[in-house]
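Numbering (our numbering), first residue to last: 247 to 368. Note that the Cβ used here is the ideal one computed from N, Cα and C, for glycine as well. Quick notes on the structure that follows.
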């Protein structure tokens, strides 16, 4: 199942958790668990993959695509995908776009400081 949220719900990245607001409460996505689920979704479960997964840390916690039509971040929780996206009108105000790009970079920096990356699908 895919759960969709507006990008404005994202609260930040702290202590190995991706934080977002859902109906007034702060929800958490465990980055380590999301990375394990990302690996399972994108790689076949060969014996070597299973052995390597136990020994190495997967750095990809989810997927991202940055464009000004509809940028998104996709993370994984159990059997669900959680997608945070933002829709821009056809005419994008450069000040709004610049502010969003700075915020987008802040989220990526927070993930990188935790030792994780988003796989770039764009």
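Within the DSSP secondary-structure output, residue 331 pairs in a beta bridge with 252 and 318.
Beta-bridge pairing by DSSP links residue 260 to 263. By the criterion of a C-beta distance shorter than 7 Å, residue 277 is surrounded in its chain by 262, 263, 264, 307, 360 and 362, once the five residues flanking it on both sides are discounted. In the three-state scheme derived from DSSP, where H, G and I count as helix and E and B as strand, residue 278 is classed as helix. When the alpha-carbon of residue 309 is set against those of 316, 320 and 315, the nearest one is in 320. Approximately 31 Å separates the beta-carbon atoms of residue 247 and residue 342; this is outside 8 Å, ruling out the contact.
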